[in-house]
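Q: Quick note on the working numbering: the sequence shown kicks off at 188 and runs consecutively. Just so it is clear, CB atoms sit at the ideal spot from N, CA and C, and this is done for glycine as well.
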Amino acid sequence: MSAVVTDLVDQVRAGAFGRAATEETISVGFMTRQGVRHDTRGTGYRNHVVSLRVGRAVGSCAVEPGTVDDDLVYDCVGATVDALFDHPVLAVRVAALDAFLMAARPHEQHATDNVTIDPGTSLEKSLLRAGHVVDLLGAERGQRVLVVGVVNSLLHHLRQRGIDYRPCDLRGGTTEWGEPISNDADLTGCDAVLATGMTLGNGSFETLRAAAADAGVPLVMFAQTGSAVLPRLLGAGVTAVCAEPYPFFWLDGGPTVLHRYREAR
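(1) Which residues does DSSP pair with ILE368 in a beta bridge?
(2) DSSP has VAL428 in a bridge; who is on the other side?
(3) With C-beta atoms as the reference, is SER214 less than 9 Å away from VAL276?
(4) For ASP285, is the classification buried or exposed, using 16 other Cβ atoms within 10 angstroms of its Cβ as the cut-off for buried?
(5) Select from GLY403, PRO367, THR362, GLY384 the residue whose C-alpha is nearest the C-alpha of ASP378.
(6) For the alpha helix (DSSP H) that LEU195 lies in, which residues bound it at each end?
(7) Give the straight-line distance between the Cα atoms of ILE368 and ASP322, rounded to the nearest whole angstrom.
(8) For the putative contact between LEU239 and VAL416, defined by C-beta atoms under 8 Å, what is the C-beta separation to the nearest angstrom?
(9) Let me make sure I understand the geometry here. Which of VAL337, CYS429, ALA249 has the alpha-carbon closest to that of ARG316?
(10) Alpha carbon to alpha carbon, what distance is there between MET289 and PHE392?
(11) Roughly how many whole angstroms lie between the Cα atoms of GLY349 and GLY318?
(12) So, helix, strand or coil for TYR352, using DSSP?
(13) Sorry if obvious, but does the Cβ on SER340 come closer than 8 Å to a heavy atom of the ligand HEM?
(14) Smallest Cα separation from ASP197: which of ASP273, GLY384, ASP256?
(15) Determine the DSSP secondary structure at HIS274, reduced to helix, strand or coil.
(16) With LEU374 and ALA398 assumed to form a contact (beta carbons below 8 Å), what rounded beta-carbon distance in angstroms separates them?
(17) Please name the residue, chosen from TRP437, ALA410, PRO434, that lies closest to TYR448 on a Cα-to-Cα basis.
(18) Under the three-state reduction of DSSP, which class applies to SER313: helix, strand or coil?
(19) Are the CB atoms of TYR352 and ARG328 nearer to each other than 9 Å?
(20) Between GLN347, VAL236, VAL444, which lies nearest to VAL255 when the distance is taken from Cα to Cα?
(21) Would you please state the rounded distance, in angstroms, between the beta carbons of SER247 and THR383? I believe it to be under 8 Å.
(22) DSSP on GLN221, reduced to helix/strand/coil?
(23) Nearest-angstrom Cα distance between GLY424 and LEU406?
(24) Taking C-beta to C-beta, are GLU211 and VAL241 nearer than 9 Å?
(25) Out of VAL338, LEU314, ASP300, which has the shortest C-alpha to C-alpha gap to PRO306?
(26) Take LEU310 as the anchor and find which of GLY441, GLY390, ALA249 has the nearest alpha-carbon.
(27) Comparing C-alpha positions only, which one of PRO418, GLU363, ARG396 sits nearest to SER189?
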């Protein structure tokens with residue numbers, strides 16, 4: 188885990204959030220597997236997500252497809268959150284922390300604003316969500332943004348606003364517009380970073396956070412993974428968060444909600 192996330196776990200274990208991690212148990216554990224190719228888009232992708240439930244809250248962590256099996260997740264059911272903080276699989280540790288913090292600090296009560304995404308097709312909802320995420324950047328025409336975790340709808344909005352970008356993703360490949368996607372999160376010449384919460388689950392978050400801090404550029408997170416974790420890191424290298432807890436926009440054609448957080452100034 189990132190150093191700042193490890194510090195957060197220590198705070199949870201010390202009772203800083205008013206609940207005891209030794210007394211909170213996982214009631215439900217499940218995997219969500221999804222494949223998508225939006226209408227008019229030339230490429231598609233898959234998502235696999237580990238989710239754990241504490242009370243009314245569901246915490247989630249995306250993983251690379253095929254890397255986590257059902258039994259590993261099912262074995263978490265009945266375990267305490269505290270015990271899962273020592274689990275050998277990072278995704279389980281992140282999902283457990285996410286569920287605990289969402290139960291302790293519900294988004295509806297703590298976000299800067301709560302935005303409803305109207306009903307629509309998968310593409311319509313993806314584009315609506317992306318617009319609300321890009322708004323958090325505050326980037327201007329002619330600036331360049333490092334995008335870590337490529338989502339074509341985010342790139343669409345950056346292009347519409349005349350904002351340059353450097354796409355980066357561990358999977359590599361190309362964007363919808365044929366641009367090569369690097370697997371090197373190089374901030375050189377970038378004015379801001381827009382990154383997925385998946386960086387929490389794949390272990391790259393700390394490197395990215397430190398690089399953004401060293402460069403003095405804002406770090407904005409769009410988070411299905413760790414949606415309740417990342418808002419607790421505002422002021423510790425994170426500038427803003429668009430938090431989207433389970434169920435995600437791509438699971439439902441009806442209205443869904445984003446919870447946006449901004450660093451206090």
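A: Concretely, from the data shown:
(1) Position 181 of the sequence shown, counted from the start, is the residue given in the question as residue 368. For ILE368, which the question treats as bridged, DSSP gives no partner whatsoever.
(2) The residue labelled residue 428 in the question sits at position 241 within the sequence shown. According to DSSP, VAL428 bridges with MET408, TYR448.
(3) As a working mapping, residue 214 is identified with position 27 in the sequence shown. As a working mapping, residue 276 is identified with position 89 in the sequence shown. In this structure, VAL276 does not lie closer than 9 Å to SER214 by Cβ.
(4) As a first step, residue 285 is located in the sequence shown; it is residue number 98 there, counting from the start. So ASP285 ends up on the buried side.
(5) As a working mapping, residue 378 is identified with position 191 in the sequence shown. Nearest of GLY403, PRO367, THR362, GLY384 to ASP378, Cα basis: GLY403.
(6) Residue 195 sits at position 8 when you count from the first residue of the sequence shown. Start and end: 190–200.
(7) Reading the sequence shown from its first residue, position 181 is the one you call residue 368. Reading the sequence shown from its first residue, position 135 is the one you call residue 322. So the two alpha carbons sit approximately 23 Å from each other.
(8) As a working mapping, residue 239 is identified with position 52 in the sequence shown. As a working mapping, residue 416 is identified with position 229 in the sequence shown. Between VAL416 and LEU239 the Cβ distance is about 13 Å, and since that is not below 8 Å, they are no contact.
(9) Counting from 1 along the sequence shown, the entry for residue 316 is found at position 129. For the residues VAL337, CYS429, ALA249, the minimum Cα distance to ARG316 belongs to CYS429.
(10) To locate residue 392, count along the sequence shown from 1; it is residue 205. To locate residue 289, count along the sequence shown from 1; it is residue 102. PHE392 and MET289: Cα-Cα distance of roughly 20 Å.
(11) Within the sequence shown, residue 349 is the residue found at index 162, counting from 1. Within the sequence shown, residue 318 is the residue found at index 131, counting from 1. About 14 Å.
(12) Taking the first residue of the sequence shown as position 1, residue 352 is located at position 165. Residue state, collapsed to three classes: strand.
(13) The ligand HEM is absent from the structure shown, which contains no ligand whatsoever.
(14) Numbered from its first residue, the sequence shown carries residue 197 at position 10. It is ASP273.
(15) Position 87 of the sequence shown, counted from the start, is the residue given in the question as residue 274. DSSP places HIS274 in coil when its eight states are reduced to three.
(16) Counting from one through the sequence shown, the residue named residue 374 turns up at place 187. Counting from one through the sequence shown, the residue named residue 398 turns up at place 211. That belief holds up - the Cβ atoms of LEU374 and ALA398 are roughly 5 Å apart, short of 8 Å.
(17) By 1-based counting over the sequence shown, the position of residue 448 is 261. Residue ALA410 is the option with its Cα nearest to TYR448.
(18) Here residue 313 corresponds to residue number 126 of the sequence shown, with the count starting at 1. In the structure shown, SER313 sits in a helix (DSSP, three-state: H, G or I).
(19) Looking up residue 352 in the sequence shown gives position 165. Looking up residue 328 in the sequence shown gives position 141. Not a contact, by the Cβ cut-off of 9 Å.
(20) Sequence index remark: in the sequence shown, residue 255 carries index 68 (1-based). VAL255 has its Cα closest to that of VAL236, out of GLN347, VAL236, VAL444.
(21) Walking along the sequence shown from the start, residue 247 turns up at place 60. Walking along the sequence shown from the start, residue 383 turns up at place 196. 12 Å between Cβ atoms; not a contact.
(22) For this step, residue 221 is matched to residue 34 along the sequence shown. DSSP places GLN221 in strand when its eight states are reduced to three.
(23) Counting from 1 along the sequence shown, the entry for residue 424 is found at position 237. Counting from 1 along the sequence shown, the entry for residue 406 is found at position 219. Their Cα atoms are separated by approximately 7 Å.
(24) Translated into the one-based positions of the sequence shown, residue 211 becomes position 24. Translated into the one-based positions of the sequence shown, residue 241 becomes position 54. Result yes, Cβ atoms of GLU211 and VAL241 sit closer than 9 Å.
(25) Working through the sequence shown from its first residue, we reach residue 306 at position 119. Nearest of VAL338, LEU314, ASP300 to PRO306, Cα basis: LEU314.
(26) In the sequence shown, counting from the first residue as 1, residue 310 sits at position 123. When only C-alpha atoms are compared, the closest one is GLY441.
(27) Translated into the one-based positions of the sequence shown, residue 189 becomes position 2. For the residues PRO418, GLU363, ARG396, the minimum Cα distance to SER189 belongs to ARG396.
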